[in-house]
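Q: In the numbering used here, the protein residues as written are 1 to 130.
Each residue gets a CB set at the ideal place from its N, CA and C atoms; glycine is no exception.
Quick one: structure below, then a few questions.
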């Protein structure tokens, strides 16, 4: 096999291995939502991960039509500026930072007391093998 083919394959594999999954949730808590809910996660390299959040009971959403929306995405990076787009209106929510250990990650955006609240969590005991 020519060396020119092996290099890009190895490089692509390394790039994919660096990604980590994040489950993103939005709790509307009575905020009217008439259309699509999208979370935007922008890492330090300005890569944007766009996650459509659904409330249809299909994984990772647990219960249909309960005002809790969910989606999942594979991302690069450990720090993200987080925004939500609800019915076409984008709102910056805050910054989420995670440890660089490959742990599965959660991100919750909630509407509480007329403001968006951001919560980030991880499961360090479930970190991926190196």
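Take every Cβ of the stretch 93–110, pair it with every Cβ of the stretch 56–65, and state whether three or more of those distances are shorter than 8 Å.
A: no
Q: Could you tell me whether the stretch 52–60 touches the stretch 88–100, using the rule of 3 or more Cβ pairs below 8 Å?
A: no
Q: Taking all protein chains shown into account, decide if residue 37 is buried (16 or more other Cβ within 10 angstroms of its Cβ) or exposed.
A: In the chain shown, counting from the first residue as 1, residue 37 sits at position 37. Buried.
Q: Count the other CB atoms within 10 Å of the CB of residue 71; is the residue buried (16 or more) or exposed (fewer)?
A: Numbered from 1 along the chain shown, position 71 holds the residue referred to as residue 71. The residue is buried, with at least 16 neighbouring Cβ atoms inside 10 Å.
Q: What are the boundary residues of the beta strand (DSSP E) that residue 62 is part of?
A: As a first step, residue 62 must be located in the chain shown, where it is residue number 62. The continuous stretches of beta strand (DSSP E) do not include residue 62, and DSSP gives it neither H nor E.
Q: Quick one: what's residue 53 bridged to in DSSP?
A: As a working mapping, residue 53 is identified with position 53 in the chain shown. Beta-bridge pairing links residue 53 to 37.
Q: When the distance is taken between beta carbons, is residue 84 closer than 8 Å to residue 116?
A: For this step, residue 116 is matched to residue 116 along the chain shown. For this step, residue 84 is matched to residue 84 along the chain shown. A distance below 8 Å separates the beta carbons of residue 116 and residue 84.
Q: Roughly how far, in whole angstroms, is the beta-carbon of residue 73 from the beta-carbon of residue 49, given that I think they are within contact range, below 8 Å?
A: By one-based count along the chain shown, residue 73 stands at place 73. By one-based count along the chain shown, residue 49 stands at place 49. Right, the Cβ-Cβ distance comes to about 5 Å (below 8 Å), so this counts as a contact.
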